[in-house]
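Structure first, then comments.
Protein chains: 2
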Amino acid sequence: MGEKVTPRILQGFMELLPKEQILFNEFYDKIRGVYEKYGFLPLDTPTIELSEVLLAKAGGETEKQIYRFAKGDNDLSLRFDLTVPLARYVAMHENELSFPFKRYQMSKVFRGERPQKGRFREFYQCDIDVIGVETLPLIYDAEIPAVICDVLTSLNIGKFTVRLNNRKILGGFFASIGLSDKITDVLRIIDKLEKIGADGVTKELISIGADSATIEKILGFVSICGDTDSVIASLKALGIDEETFVTGVNELETVVGYMRAFGVNEANFKIDLTIARGLDYYTGTVYETMLDEHKNLGSVCSGGRYDNLTGYYTDKKMPGIGISIGLTRLFSQLIDTKIVEAKKGSIADVLVIPMDNSVLGYSLSVASAFRNDGIKTDVYLLEKGMKQKMKYADKLSFPYAVIIGDTEAKENLVSLKNMKEGGTQSTLSLAEAIKEIKDNK
Amino acid sequence: MGEKVTPRILQGFMELLPKEQILFNEFYDKIRGVYEKYGFLPLDTPTIELSEVLLAKAGGETEKQIYRFAKGDNDLSLRFDLTVPLARYVAMHENELSFPFKRYQMSKVFRGERPQKGRFREFYQCDIDVIGVETLPLIYDAEIPAVICDVLTSLNIGKFTVRLNNRKILGGFFASIGLSDKITDVLRIIDKLEKIGADGVTKELISIGADSATIEKILGFVSICGDTDSVIASLKALGIDEETFVTGVNELETVVGYMRAFGVNEANFKIDLTIARGLDYYTGTVYETMLDEHKNLGSVCSGGRYDNLTGYYTDKKMPGIGISIGLTRLFSQLIDTKIVEAKKGSIADVLVIPMDNSVLGYSLSVASAFRNDGIKTDVYLLEKGMKQKMKYADKLSFPYAVIIGDTEAKENLVSLKNMKEGGTQSTLSLAEAIKEIKDNK
Chain A
1 MGEKVTPRIL QGFMELLPKE QILFNEFYDK IRGVYEKYGF LPLDTPTIEL SEVLLAKAGG
61 ETEKQIYRFA KGDNDLSLRF DLTVPLARYV AMHENELSFP FKRYQMSKVF RGERPQKGRF
121 REFYQCDIDV IGVETLPLIY DAEIPAVICD VLTSLNIGKF TVRLNNRKIL GGFFASIGLS
181 DKITDVLRII DKLEKIGADG VTKELISIGA DSATIEKILG FVSICGDTDS VIASLKALGI
241 DEETFVTGVN ELETVVGYMR AFGVNEANFK IDLTIARGLD YYTGTVYETM LDEHKNLGSV
301 CSGGRYDNLT GYYTDKKMPG IGISIGLTRL FSQLIDTKIV EAKKGSIADV LVIPMDNSVL
361 GYSLSVASAF RNDGIKTDVY LLEKGMKQKM KYADKLSFPY AVIIGDTEAK ENLVSLKNMK
421 EGGTQSTLSL AEAIKEIKDN K
Chain B
1001 MGEKVTPRIL QGFMELLPKE QILFNEFYDK IRGVYEKYGF LPLDTPTIEL SEVLLAKAGG
1061 ETEKQIYRFA KGDNDLSLRF DLTVPLARYV AMHENELSFP FKRYQMSKVF RGERPQKGRF
1121 REFYQCDIDV IGVETLPLIY DAEIPAVICD VLTSLNIGKF TVRLNNRKIL GGFFASIGLS
1181 DKITDVLRII DKLEKIGADG VTKELISIGA DSATIEKILG FVSICGDTDS VIASLKALGI
1241 DEETFVTGVN ELETVVGYMR AFGVNEANFK IDLTIARGLD YYTGTVYETM LDEHKNLGSV
1301 CSGGRYDNLT GYYTDKKMPG IGISIGLTRL FSQLIDTKIV EAKKGSIADV LVIPMDNSVL
1361 GYSLSVASAF RNDGIKTDVY LLEKGMKQKM KYADKLSFPY AVIIGDTEAK ENLVSLKNMK
1421 EGGTQSTLSL AEAIKEIKDN K
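The listed protein sequences derive, respectively, from chains A and B.
Here the first sequence is numbered in this note's numbering, starting from 1 and rising by one per residue.
Here the second sequence is numbered in this note's numbering, starting from 1001 and rising by one per residue.
Spelled out as structure tokens, the structure:
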């Protein structure tokens, strides 16, 4: 063939070698497993949607990042999150769904951002949401963190804390100090507290016209800390009777109570009054989740309560609550910082190695017996020397190799080699081999 | 909010209600399970690639179907199959992979075809391939149908037959009758035998200049049938000594022998000399798979052997063999023709129903105990009447409902209701309930 094309992928797109992909899939499967354990229903919306539908709400920064293009007469876009497709789906199928509608979706989304470390243009989001019609009780605000805790425990990536807050507390507080017309600005500034510190926040608050008494109140408010119950007590002790504020504090107290009923470990959550979340549609409970020993990773799982998911598509009011795990980003960070390490090079538990072609039939029947017993089994079928065959088993780090020679074939046995360093090799019956492999899985 | 956008999706895109999605995912998981059982490694290439890389080989019809667009300075395309990305991946990572490289990928691909029934613009392909360096022994041509048979058996959609052929037999035969320069045309025409019949094929063969003696030979050749061994005997009996033909017959005979060694059931495969496969890169064994009782669905799983996967990217010769299941299309056909029916409306095995909020804590602890024992459990948390709660359980067809009232909470018991028609309800200890649910899963 003629001129070669250099094989390469685009910047900002994650593609893994098999070893990392196996680990990635383990993460994916664990998250999915927990979502399903709580009864969330699967959904798989199209990757491509009509721009008119997908961008009903978008604008500004988001819209610039969209992969948007024409095909035939259609103006199309790739989904940039899983929330807008959910809104569209629920509005479309309202009469066919049962509410509360609990769904999960774990799919790729696309954002043409300027590529930078840890940012991807194509990445998996793993979302759960609970959608109600007209109302949705507060207890669902407690089920969501229960799921988060279960997910993060199953991922086994160290201690974590779900930080929670309620937008009404923030909104109400700022109304009480006469800053209602600047709530969005103030929230945006507070959101940066961890990034730019109290001085930075003060500077920005001055720039939007806050006087020093107000700034003092704001900084005092956001510095309320301590255990869950004392934060709630401190909030009540502020003596603010602004209605939204009072509602927010009550909601937060109720949610915390329910979280305890859900058995969420006290060590795994705390109130953090600085959390506002960037998106403007959150209206109540909001969450961020930090890995305690790796706070530099930022929030690995965020979300909250919104009053009206489907406003762009229907008049019916559909409140909901949900969270999202950015799995591609999380995984890439965990690998980069060596918090996790990809160790399994093979998907199979065993590599069956026929010493030569004369024992092929028996080797294949052994492999088949393993598979029927639920053991993932590969067979090495190249005609190479034993040294190269063992090298393949080593390189792909199969937990076990099963070596079949004349003797094994004649006597209906297998030589089972534990491939761990210093692992032993023993000649066993098929049943014994199956037992050993299963016992050590 | 103002003007509403009509919530809708594009024609030619599959989107399922939860009940169908649950069944779709069962299919997906079963296929993946079998692929992994044989040790195929997972891969997940980007959805978006550089057009220059992805379309190195494309042209004509394929290129017209591509979703291609510019973003910044990049000319981008959505993948239209999983084979080209595999070729690019193998060429890119040759030194990091171990060969034979066995990989599976089950991802969406995109083709902007004119929408028609059963055709999708976005659909899942479920591919396996085995790639060698320079050579790959014929025995892998037998492993592939072994996997297909295992997949289709696990899907439980009725009897099926893997039809196999070898392109060298076809090519060699046509060379032997002096039609080498028209092989592509002739193969294309023969490929339509089932669709347009012998008359149609004759007409088309005349139109490309075949005389009647040649046409007779062709039709005689493609009508060779019977069991596997007699077809091979008939091929040998033709007395053709054209080298490619002889090689092809020998390869086919060898592959059939290996398939028997793999334990492939004789009832699940046969030789079909009319199979050529459309794609021009197949060079040896080719497969198509039909559901015996639903031949109108066409081939549900096709593929074959190719000599040079990576020719557009590297000088290194990389032969391979693989197959693809078009899951979206298959699933849609199975549903449309009622061969399968989506019955499970819930992902969870149990719905826990607290009679009122006073038993919420106990209900949540019951749910938690179920989950810890591997039972997928949803809890109904809306404050509605019992009738509406049971209606929800019915509508989503949970296998079991667990009803918790004051008595149950006080005595640490649960009321377990089997939701099947005529199902009984009994008051049990938690351990008894867990046992019953697990026994009936």
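A virtual CB, placed ideally from N, CA and C, is assigned to each residue, including glycine.
Remember, it's a predicted structure, so these values are computed and weren't measured experimentally.
*Report the partner residues of residue 42/A according to the DSSP bridge assignment.*
Along the first sequence, one-based indexing puts residue 42/A at 42. Answer is 104/A, bridged to residue 42/A.
*Using CA coordinates, which residue listed in 1201/B, 1225/B and 1148/B is at the minimum distance from residue 1185/B?*
Against the second sequence, residue 1185/B aligns to sequence position 185. Distances from the alpha-carbon of residue 1185/B to those of 1201/B, 1225/B and 1148/B put 1201/B closest.
*Just curious, the alpha helix (DSSP H) that residue 95/A is in, first and last residue?*
Here residue 95/A corresponds to residue number 95 of the first sequence, with the count starting at 1. From DSSP, residue 95/A is part of no alpha helix (DSSP H); its letter is neither H nor E.
*Interface residues of chain A around residue 1455/B at Cβ under 9 angstroms?*
As shown, chain B starts at 1001 and ends at 1441. That puts residue 1455/B outside it, with no answer to give.
_Below-8 angstroms beta-carbon distance, residue 1049/B vs any chain A residue_ = Taking the second sequence and counting its residues from 1, the one referred to as residue 1049/B is at position 49. Chain A, which has a Cβ nearer than 8 angstroms to the Cβ of residue 1049/B, makes this yes.
*Report the neighbours of residue 9/A on chain B: residues whose CB is nearer than 7 angstroms to its CB, in chain order.*
Here residue 9/A is taken as the residue at index 9 of the first sequence, counted from 1. Counting only Cβ-Cβ distances below 7 angstroms, residue 9/A has contacts in chain B at 1046 and 1049, in chain order.
*Report the partner residues of residue 289/A according to the DSSP bridge assignment.*
In the first sequence, residue 289/A corresponds to position 289, counting from 1. Residue pairing of residue 289/A in beta bridges, as defined by DSSP: 162/A.
_Where the alpha helix (DSSP H) containing residue 232/A begins and where it ends_ = The sequence position of residue 232/A within the first sequence is 232, counting from 1. Its alpha helix (DSSP H) spans residues 228-237.
*For a contact meaning CB atoms closer than 7 angstroms, what does residue 1266/B contact in chain A?*
The count along the second sequence starts at 1 and reaches residue 1266/B at position 266. Near residue 1266/B there are no residues of chain A at all, since even the closest Cβ is about 16 angstroms away, more than 7 angstroms.
*Would you list the one or two residues that DSSP bridges to residue 333/A?*
Numbered from its first residue, the first sequence carries residue 333/A at position 333. Residue 333/A pairs with nothing; no bridge assigned.
*Taking the alpha helix (DSSP H) that residue 417/A falls in, what are its first and last residues?*
Residue numbering aside, residue 417/A sits at position 417 when the first sequence is read from its first letter. Premise fails: residue 417/A lies in the beta strand (DSSP E), 413-418, not in any alpha helix (DSSP H).
*Element boundaries [beta strand (DSSP E), containing residue 71/A]*: One-based indexing of the first sequence puts residue 71/A at position 71. It spans 68-71 - the beta strand (DSSP E) in which residue 71/A sits, taken as one unbroken run.
*Starting from residue 245/A and walking both ways along the alpha helix (DSSP H), at which residues does that stretch end?*
Start at 1 with the first residue of the first sequence, and residue 245/A comes out as number 245. Unbroken alpha helix (DSSP H) run through residue 245/A: 243-261.
*For residue 1175/B versus residue 1242/B, is the C-beta distance shorter than 8 angstroms?*
Indexing the second sequence from 1 puts residue 1175/B at position 175. Indexing the second sequence from 1 puts residue 1242/B at position 242. A contact, by the Cβ cut-off of 8 angstroms.
*How would you list, in chain order, the residues of chain B whose beta-carbon sits under 8 angstroms from the beta-carbon of residue 21/A?*
Indexing the first sequence from 1 puts residue 21/A at position 21. Within chain B, the residues near residue 21/A are 1041, 1042, 1043 and 1044.
_I need the boundaries of the beta strand (DSSP E) containing residue 1125/B, first residue and last residue._
Taking the second sequence and counting its residues from 1, the one referred to as residue 1125/B is at position 125. Start and end: 1122-1131.
*List the residues of chain B that residue 5/A touches, going by C-beta distances under 7 angstroms, in chain order.*
Within the first sequence, residue 5/A is the residue found at index 5, counting from 1. In chain order: 1052, 1053, 1056, 1312 and 1313.
*Compare the C-beta of residue 1080/B against all C-beta atoms of chain A and say whether one is closer than 8 angstroms.*
The count along the second sequence starts at 1 and reaches residue 1080/B at position 80. It does not: the Cβ of residue 1080/B has no partner Cβ on chain A nearer than 8 angstroms.
*Can you tell me whether DSSP reads residue 1308/B as helix, strand or coil?*
Looking up residue 1308/B in the second sequence gives position 308. Looking at residue 1308/B - three-state DSSP - the assignment turns out to be coil, as it is neither helix nor strand.
*In DSSP terms, what residue 400/A is bridged to*: For this step, residue 400/A is matched to residue 400 along the first sequence. Bridge partners of residue 400/A: 350/A and 418/A.
*Return the residue from the list 291/A, 284/A, 249/A and 113/A that minimises the CA-CA distance to residue 269/A.*
Start at 1 with the first residue of the first sequence, and residue 269/A comes out as number 269. Checked all of 291/A, 284/A, 249/A and 113/A; the closest Cα to residue 269/A is 291/A.
*Is residue 403/A near residue 350/A, with beta carbons less than 8 angstroms apart?*
Here the question's residue 403/A lines up with position 403 in the first sequence. Here the question's residue 350/A lines up with position 350 in the first sequence. Against a cut-off of 8 angstroms, the Cβ pair of residue 350/A and residue 403/A comes out as no contact.
*Going along the segment 1377-1404 of chain B in order, which residues come within less than 7 angstroms of chain A, judged by CB to CB distance?*
Residues passing the 7 angstroms Cβ filter: 1377, 1378, 1381, 1382, 1383, 1392, 1395 and 1396.
*Can you pull the chain A residues whose beta carbon is under 9 angstroms from the beta carbon of residue 1269/B, in chain order?*
Indexing the second sequence from 1 puts residue 1269/B at position 269. Residues of chain A passing the Cβ test: none, with the nearest at roughly 16 angstroms.
_Could you check whether the segment 1024-1043 of chain B touches the segment 336-355 of chain A, counting it as contact only if at least three pairs of C-beta atoms, one from each stretch, sit closer than 8 angstroms?_
The answer is yes - the segment 336-355 of chain A touches the segment 1024-1043 of chain B, with three or more Cβ pairs under 8 angstroms.
*asked:* Per the DSSP calculation, residue 324/A is bridged to which residue(s)?
replied: For the purposes of this step, residue 324/A is taken as the residue at position 324 of the first sequence. Residue 324/A is bridged by DSSP to 127/A and 302/A.
*So, is the C-beta of residue 1348/B closer than 8 angstroms to a C-beta in chain C?*
Included in the structure are the protein chains A and B, with no chain C among them.
*Element boundaries [alpha helix (DSSP H), containing residue 1214/B]*: As a first step, residue 1214/B must be located in the second sequence, where it is residue number 214. First-last of the alpha helix (DSSP H) with residue 1214/B: 1212-1222.
*Quick one: Cα of residue 120/A to Cα of residue 19/A, how far?*
Numbered from its first residue, the first sequence carries residue 120/A at position 120. Numbered from its first residue, the first sequence carries residue 19/A at position 19. Between residue 120/A and residue 19/A, the C-alpha separation is close to 20 angstroms.
*asked:* Between 1091/B, 1299/B and 1180/B, which has its C-alpha nearest residue 1312/B's C-alpha?
replied: One-based indexing of the second sequence puts residue 1312/B at position 312. It is 1091/B whose Cα lies nearest to the Cα of residue 1312/B.
*Does the separation of the CB atoms of residue 77/A and residue 68/A fall below 8 angstroms?*
By 1-based counting over the first sequence, the position of residue 77/A is 77. By 1-based counting over the first sequence, the position of residue 68/A is 68. Yes.
*Which residue or residues does DSSP assign as beta-bridge partners of residue 49/A?*
The count along the first sequence starts at 1 and reaches residue 49/A at position 49. Residue 49/A is bridged by DSSP to 77/A.
_Residues that residue 318/A contacts on chain B, provided the C-beta gap is smaller than 7 angstroms_ = Position 318 of the first sequence, counting from 1, holds the residue named residue 318/A. Neighbours of residue 318/A on chain B: none; closest Cβ ~12 angstroms, over 7 angstroms.
*Taking only the alpha-carbon atoms, compute the straight-line gap between residue 1048/B and residue 1079/B and give it to the nearest angstrom.*
Within the second sequence, numbered from 1, the residue matching residue 1048/B stands at position 48. Within the second sequence, numbered from 1, the residue matching residue 1079/B stands at position 79. Our two residues, residue 1048/B and residue 1079/B, have alpha carbons roughly 6 angstroms apart in a direct line.
*Grouping DSSP H, G and I as helix and E and B as strand, with all else coil, what is residue 271/A?*
Against the first sequence, residue 271/A aligns to sequence position 271. Looking at residue 271/A - three-state DSSP - the assignment turns out to be strand.
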